[in-house]
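Trainee: Quick note, the sequences are listed as chains A and B, same order.
Under the working numbering, the first residue of the first sequence carries the number 4, and numbering increases by one thereafter.
Under the working numbering, the first residue of the second sequence carries the number 4, and numbering increases by one thereafter.
Virtual Cβ for every residue (Gly too), placed ideally from N, Cα, C.
Got a structure for you, written out below as structure tokens; questions coming shortly.
Protein chains: 2
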Amino acid sequence: MGKGLLIVVSGPSGAGKGTICKELAGKADIDLSVSMTTRKPRPGEEEGKSYYFVTEEAFLDHKEKNGFLEWANVYGNFYGTPKKLVLDKLEKGRDVVLEIDIQGAMQVKENFPKGIFVFILPPSMAELRKRITGRGSETEDAINLRFNEALREIAYIHKYDYCVVNGELDEATARIQAIVTAEHSRVTEDIYDMIAAYKKEG
Amino acid sequence: MGKGLLIVVSGPSGAGKGTICKELAGKADIDLSVSMTTRKPRPGEEEGKSYYFVTEEAFLDHKEKNGFLEWANVYGNFYGTPKKLVLDKLEKGRDVVLEIDIQGAMQVKENFPKGIFVFILPPSMAELRKRITGRGSETEDAINLRFNEALREIAYIHKYDYCVVNGELDEATARIQAIVTAEHSRVTEDIYDMIAAYKKEG
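Set out below in structure tokens:
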């Protein structure tokens, strides 16, 4: 079927994009993108599976060399998606799913516009508030802040190709699988090689 | 999920588009578009199911009033896709599949660019020749004519959104179902109503 696809799964925090991506990578023949970070490993985290753990020097060197599809500094730790790892997989025909917040997705869109951009919506704002609250240990102010942030983020939806409402996990996952199947059937420039092969045969 | 989609399934004769459409209408919640024709009904054909059988006068009147998504004169008989019937179904949220040759598909694209245009390819040119030959009762010249016509038609593929190879009927049908699911998840202008509803709720 030719080259692999980069599926960027994004949305406000609390929409459930992480759960969907894990489900997707487990069910379908899709690889999860692994980030590089300067954060210290937590118990149970595996090098090359959870993250690639690197020094700040190594990270900044990678960044300097334009080696990231996107990167961010979160509370003093760097996180980034290594470009080469993703592109190598796509070249080999593997589909890759990348879970990322909206700012990160916009960076990926800039660096790799061929990606398939999927926005995950919570089934309702009431449900989103419940999910944000349900994480516990946060103050009312912090919850309101996250909630308003989510509202602002939803306005970015028009920058995306697809929008999937995460009501039932199975249904949302199946919908993204359908999107991947459909995108593999898109008429793109590669089609001309295919036509040439047909004509030669004919 | 909003309005229905018009899925235009097209391709060279012998690609198997008719079989796919019947399979699709049987499996998925999709209606087959019914054409209007001036041809006389054949035994077993049902009014409103196989075709809408009309007089030439009625057909030309309909055509005069711009009432077709596409129409053609084939060996002295008129055939056309009534616009209102299709649009009414879409408005009610029903998906409609329209099986049509390439010339017809290009007319539909002109009149209804929002349609989803799917090109059906045979698995190989050898298989296409076999299918054309397999219909029997045709001379070598007629077969060659159809075969070369198919080659010319394949060049229209770049006007389509999707391309599905009809190797296994089940797989090709599932692929079109995935395309329909994906297209229902597309971010379109309707999304703004959805966002407005979210914000109101928030």
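Among residues of its own chain, excluding the 5 on either side of Ala-108(B), which ones have a beta-carbon nearer than 7 angstroms to its beta-carbon?
Mentor: Hits under 7 angstroms: Val-11, Ser-13 and Phe-120.
Trainee: Please work out which residues of its chain come closer than 6 angstroms, Cβ to Cβ, to Ile-182(B), disregarding the five sequence neighbours upstream and downstream, and give them in chain order.
Mentor: The answer, listed in chain order, is Tyr-165.
Trainee: Would you list, in chain order, the members of the segment 25-38 of chain A that have their beta-carbon closer than 8 angstroms to a beta-carbon of chain B?
Mentor: Residues passing the 8 angstroms Cβ filter: none.
Trainee: Which value, in whole angstroms, describes the spacing of the CA atoms of Lys-92(B) and Asp-34(A)?
Mentor: Each residue's Cα considered, the two are about 40 angstroms apart.
Trainee: Helix, strand or coil for Glu-49(B)? Go by DSSP, reduced to three states.
Mentor: If DSSP states are grouped into helix, strand and coil, Glu-49(B) belongs with coil.
Trainee: Could you tell me the alpha carbon to alpha carbon distance between Ile-198(A) and Val-167(B), rounded to whole angstroms?
Mentor: Answer to the nearest angstrom: the Cα atoms are 13 angstroms apart.
Trainee: Below 8 angstroms, can you find three or more Cβ-Cβ pairs linking the segment 152-166 of chain B to the segment 183-197 of chain A?
Mentor: Yes, the segment 152-166 of chain B is in contact with the segment 183-197 of chain A.
Trainee: Could you tell me whether the Cβ atoms of Gly-70(A) and Pro-46(A) are closer together than 9 angstroms?
Mentor: Not a contact, by the Cβ cut-off of 9 angstroms.
Trainee: Quick check: is the beta carbon of Ala-185(A) nearer than 9 angstroms to any beta carbon in chain B?
Mentor: Yes, contact with chain B.
Trainee: For Ile-146(A), which residues from the same chain have a beta carbon less than 6 angstroms from its beta carbon, with the 5 sequence-adjacent residues on both sides left out?
Mentor: The answer, listed in chain order, is Ile-135 and Thr-136.
Trainee: Let me make sure I understand the geometry here. Which of Leu-124(B), Glu-143(B) and Ala-177(B) has the alpha-carbon closest to that of Ala-153(B)?
Mentor: Of the candidates Leu-124(B), Glu-143(B) and Ala-177(B), the one whose C-alpha sits nearest the C-alpha of Ala-153(B) is Leu-124(B).
Trainee: Does DSSP classify Asp-173(B) as helix, strand or coil?
Mentor: Asp-173(B): helix per DSSP, three-state reduction.
Trainee: Reducing DSSP to helix, strand and coil, say where Tyr-82(B) ends up.
Mentor: Three-state DSSP puts Tyr-82(B) in a strand.
Trainee: Measuring straight from C-alpha to C-alpha, what distance separates Ile-103(A) and Ile-179(B)?
Mentor: If you take the alpha carbons of Ile-103(A) and Ile-179(B), they lie about 29 angstroms apart.
Trainee: Measure from the alpha carbon of Ala-200(B) to the alpha carbon of each residue in Glu-113(A), Ala-129(A), Leu-90(A) and Asp-173(A), then state which is nearest.
Mentor: Nearest option by C-alpha distance: Ala-129(A).
Trainee: Could you check if Leu-131(B) belongs to the surroundings of the ligand MG, using beta carbon to heavy atom distance under 8 angstroms?
Mentor: Absence of the ligand MG is noted for the structure shown, with no ligands found whatsoever.
Trainee: With 9 angstroms as the threshold, decide whether the Cβ of Lys-202(B) is near any Cβ in chain A.
Mentor: Yes, Lys-202(B) lies at the interface with chain A (some Cβ there is under 9 angstroms from its Cβ).
Trainee: For Arg-132(A), does the count of other Cβ atoms within 10 angstroms reach 16, so buried, or fall short, so exposed?
Mentor: Counting Cβ neighbours within 10 Å, Arg-132(A) comes out buried, since at least 16 surround it.
Trainee: Below 8 angstroms on C-beta distance, what does Ile-198(A) contact in chain B?
Mentor: Residues of chain B passing the Cβ test: Ile-157, Ala-158 and Ile-160.
Trainee: Going by Cα to Cα distance, which pick from Thr-142(A), Glu-143(A), Ser-127(A) and Leu-101(A) is closest to Ala-28(A)?
Mentor: Nearest of Thr-142(A), Glu-143(A), Ser-127(A) and Leu-101(A) to Ala-28(A), Cα basis: Leu-101(A).
Trainee: Let me confirm a value: Gly-51(A) is counted as buried when at least 16 other C-beta atoms fall within 10 Å, else exposed. Which label applies?
Mentor: Exposed, since its Cβ has fewer than 16 Cβ neighbours within 10 Å.
Trainee: Do you know how far the Cα of Thr-41(B) is from the Cα of Glu-94(A)?
Mentor: Answer to the nearest angstrom: the Cα atoms are 53 angstroms apart.
Trainee: Give me the residue from Tyr-78(B), Glu-171(B) and Ser-188(B) with the minimum Cα distance to Ala-177(A).
Mentor: For Ala-177(A), the nearest C-alpha among the options comes from Ser-188(B).
Trainee: Strictly under 9 angstroms for the Cβ-Cβ distance: is Ser-188(B) near chain A by that measure?
Mentor: At least one chain A Cβ lies under 9 angstroms of Ser-188(B).
Trainee: Rounding to the nearest angstrom, what Cα-Cα distance links Pro-126(A) and Tyr-82(B) in this structure?
Mentor: Computed Cα separation, rounded: 45 angstroms.
Trainee: Could you give the distance in angstroms between the alpha-carbon of Glu-60(B) and the alpha-carbon of Glu-73(B)?
Mentor: Distance between the alpha carbons of Glu-60(B) and Glu-73(B): 17 angstroms.
Trainee: Please report the Cβ distance between Asn-169(B) and Ala-18(B), rounded to the nearest whole angstrom; I am assuming they are in contact, meaning their Cβ atoms lie under 8 angstroms.
Mentor: With 8 angstroms as the limit, Asn-169(B) and Ala-18(B) qualify as a contact, their Cβ atoms being about 6 angstroms apart.
Trainee: Helix, strand or coil for Phe-115(B) per DSSP?
Mentor: Coil.
Trainee: In or out: Gly-7(A) buried (at least 16 other Cβ within 10 Å) or exposed?
Mentor: With 16 or more other Cβ atoms within 10 Å, it is buried.
Trainee: Could you name the residues of chain B that Asp-98(A) contacts, counting a contact when the two beta carbons are closer than 8 angstroms?
Mentor: Neighbours of Asp-98(A) on chain B: none; closest Cβ ~14 angstroms, over 8 angstroms.
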